[in-house]
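A short write-up of the structure that comes next.
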Amino acid sequence: MDAKVFERIRKLVYDESGIRIQEGKETMVAARLAQRLRVLRLPDEVAYLEYLMGESKQELVELLDVISTNVTSFFREAQHFDYLGRFLEEQARAGQRRIRLWCAASSTGEEPYTITICAREAFERARSSVDWRLLATDISTRVLAKAEAAVYEASKLEGLQESIRRRWFEPIRGSEPEAWQVKDELRQHAVFRRLNLAKPPFPMRGPLDAILCRNVMIYFDDGMRDRLVGEFHRLLRPNGLLITGLSESLLRIEGRFERAGPSIYRRIG
């Protein structure tokens, strides 16, 4: 890939999404752009950049779709969901009847539906009737479409306990390869929307009880992370949860959050 084209792509992606593509990733970017070149029948990245600069915002959305990575699985970093389940059960037992949750990086839906499983089972343990909703957002329209469909090949469910798979998923008859769909009793609690984390302030008003923004802030610089943490603090209720990825560390949280566990924070004040 031409160095100047690579730098232009890097800047476009950063300016629009806050995602910082590391130097030396020309091969990765070229491989991901290849599918757009095929769709648009363009000869090379130079022609693509010219097309991108002359097109509407839609092609920029398509670019972000192919650039953003989507590595995810059900119950990934499981200790977070153990903690979230206990937290939600405590809130329900304490008499809270309205709970609002936000998954800030939905990807293809494995994380949001893991959250809904945790929430549903927590409220059942508390024997409590709770009005609860989950907002799940992502910058990629492609992965959001998959998340809303809630259909997963059997291989995606291999790590799940059999009891969870049987209770919360139903097989799709005649599918090849074998596929399962999240049951409607979970799906009805989740709303999926496109949202660009690099463009705060966000439209939701809050207060929220828990925000999960996991394994996405590693792609942002310190300034972007700090702005996000400030926005999360604004949206969370006092003592609300912020959960990030285990490989992520937050700076300048003093006075705003206190650590409650590995990459788990509670809002102060």
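In my numbering, the protein residues as written are 524 to 792.
Glycine included, C-beta positions come from ideal geometry on N, C-alpha and C.
E568 is positioned such that its CB atom lies no closer than 8 Å to that of G608.
Of the candidates R533, I544, F604 and E693, F604 places its Cα closest to the Cα of R737. Taking the C-beta atoms as reference points, H756 is found nearer than 8 Å to R779.
Shown here, P635 sits in a helix according to DSSP, grouped into three states. By the criterion of at least three beta-carbon pairs nearer than 8 Å, the region 704 to 723 is in contact with the region 742 to 762. Here P635 has C626, S629, L657, A659, A670 and A713 as same chain residues with Cβ atoms under 7 Å from its own Cβ, once five neighbours each way along the sequence are excluded. In this model, L624 and S651 are separated by some 17 Å (Cα to Cα). Per DSSP, E549 is one residue of the alpha helix (DSSP H) stretching across E549 to L563. Per DSSP, the unbroken alpha helix (DSSP H) holding Q602 starts and ends at A601 to R616.
A Cβ-Cβ separation of about 22 Å leaves T664 out of contact with L709 under the 8 Å criterion. Taking the Cα positions, F598 is about 6 Å away from T637. Residues A702 and Q704 of the same chain have their beta carbon placed closer than 6 Å to that of V674, with the five preceding and five following residues left out of the count. With respect to I766, I741 sits apart: the two C-beta atoms are not nearer than 8 Å. Sequence-distant partners of I687 (beyond 5 residues in either direction) whose C-beta falls short of 8 Å from its own C-beta, in its chain, are I640. The shortest CA-to-CA distance from I542 to any of N719, L769, G768 and P785 is the one to N719. Shown here, F715 sits in a strand according to DSSP, grouped into three states.
Exclusion of the five residues before and after E549 leaves M524 and F529 as the residues of its chain whose Cβ lies within less than 6 Å of its Cβ.
DSSP places D732 in the uninterrupted beta strand (DSSP E) bounded by L731 to C736. Taking L667 as the centre and dropping the five residues before and after it, the same chain places the C-beta of S629, D661, F715 and R717 closer than 7 Å to its C-beta, in chain order. Ranked by how close their Cα comes to the Cα of D588, the residues Q614, Q558, Y571 and L611 have Q558 in first place. Taking L575 as the centre and dropping the five residues before and after it, the same chain places the C-beta of L535, E582, L583 and L586 closer than 8 Å to its C-beta, in chain order.
Closest in alpha carbon position to S678, among S540, R760, G763 and E633, is E633.
Linking Q711 to R533 through their CA atoms gives a straight-line distance of about 38 Å. Residue environment: D732 is assigned as buried (16 or more neighbouring CB atoms within 10 Å of its CB, all protein chains considered). In chain order, S630, T631, E633 and E634 place their CB closer than 7 Å to the CB of T595, counting only its own chain and leaving out the 5 sequence neighbours on each side.
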